[in-house]
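If you're matching positions, the sequence shown starts at 1 in UniProt numbering and goes up one per residue.
Written below as C-alpha cells is the structure these notes are about.
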Amino acid sequence: AAEEVSQAVAAEEESASKKAQEVQAVKDDAQRDLDEALPALDLAVQCLKKLKTDHIREVKALTNPPSGVKLTCETVCIMLGLRPVKKNDPNTPGKKIDDYWETSQKE
C-alpha cells in the first residue's frame with residue numbers, strides 16, 4: 001500500500017514537473033515577444049505625445065487618404081470600439097464592406 005502511494009506521488013510529481021516546464025516555456029516565449037514589442041510601443045507613445053490637433057484636422061481633410069492613413073484610422077476605430085459604416089463593395093456588386101474611414105471622420 002505504501003509502495004502504491006509512493007508510486008502515485010512520484011507520477012504526480014513527474015506530471016507536475018512537466019507542466020511546470022511547459023508553463024515556463026510559454027512564459028519565456030511570451031517574454032521574448034513582449035521584449036520585441038516594447039520598443040515599438042515606446043516609439044508609438046513618443047509619436048503620440050508629439051501629435052497636435054492640427055495634425056488630426058489635416059488627416060480629416062483628406063478626401064482620398066493613403067492606405068497607411070486608412071489602416072491607422074481603422075486600427076484606432078477598432079481599438080476604441082467604433083463601428084464601421086457598411087458600404088457597397090465597388091469590386092463585388094451586392095456585397096457590403098466595412099468603411100472605417102467614414103467612421104473616423106465623424107469622431
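We put the beta carbon where it would ideally sit given N, CA and C, even for glycine.
Residue state for Lys50 is assigned as helix, using DSSP reduced to three classes.
Under DSSP, Ile97 shares a beta bridge with Lys87. Rounded to whole angstroms, the gap between the alpha carbons of Ala20 and Val26 is 10 Å. When secondary structure is reduced to three states using DSSP, Ala1 falls in the coil class, being assigned neither helix nor strand. Inter-residue distance for Ser67 and Asp35 is about 29 Å (C-alpha atoms, whole angstroms). Around the beta carbon of Ser104, 16 or more other beta carbons lie within 10 angstroms, which makes this residue buried. Judged by their CB atoms, Lys106 and Asp98 are not nearer to each other than the 8 Å cut-off.
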